[in-house]
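S.K.: Its first residue numbered 3, the sequence shown is counted upward by one per residue in our numbering. Got a structure for you, written out below as structure tokens; questions coming shortly.
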Amino acid sequence: MSAGTISECPIYPNVPTLKEKGYDFAVQAIILLYAPANTPKEVITTISKAFRQASEAEEVKEVLKRLSYPHDIKESDELIQIIKKDYELNGKLFKELGIGIYKKD
3 MSAGTISECP
13 IYPNVPTLKE
23 KGYDFAVQAI
33 ILLYAPANTP
43 KEVITTISKA
53 FRQASEAEEV
63 KEVLKRLSYP
73 HDIKESDELI
83 QIIKKDYELN
93 GKLFKELGIG
103 IYKKD
């Protein structure tokens, strides 16, 4: 499922996306596991493998499907690029609007 049009989201039928309303803005909902920066690569690999295996359980897939959440596992390097791109696209807007971490008191 892409974050495209009204008809693509069964949870919110007939609700337009921000893009359809004229806002060049998108948010990705990502479930992530974080580890400290100096965590050994072997530990990251082991945790990543376990998470991937757990995510293949039918119960997990069914919950994700009910939530219209894609089952799309990414590796660390790819996630870093997604987060950087999201920050580049939306960070400036958040700062201009004074929302999120840029909230003005």
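By construction, the Cβ of each residue, glycine as well, lies at the ideal position given by its N, Cα and C atoms.
With distances taken from CA atoms, which of Ile33, Pro42, Asn16, Ile82 is nearest Phe53?
M.R.: Checked all of Ile33, Pro42, Asn16, Ile82; the closest Cα to Phe53 is Ile33.
S.K.: How is the alpha helix (DSSP H) around Asn92 delimited, first residue to last?
M.R.: Segment 78-99, the alpha helix (DSSP H) holding Asn92.
S.K.: Write down every uninterrupted run of the alpha helix (DSSP H) in the segment 14-70 whose length is 4 residues or greater and which is fully enclosed by it, in chain order.
M.R.: With a minimum length of 4 residues, the continuous alpha helix (DSSP H) runs that stay inside the segment 14-70 are 43-57, 60-68.
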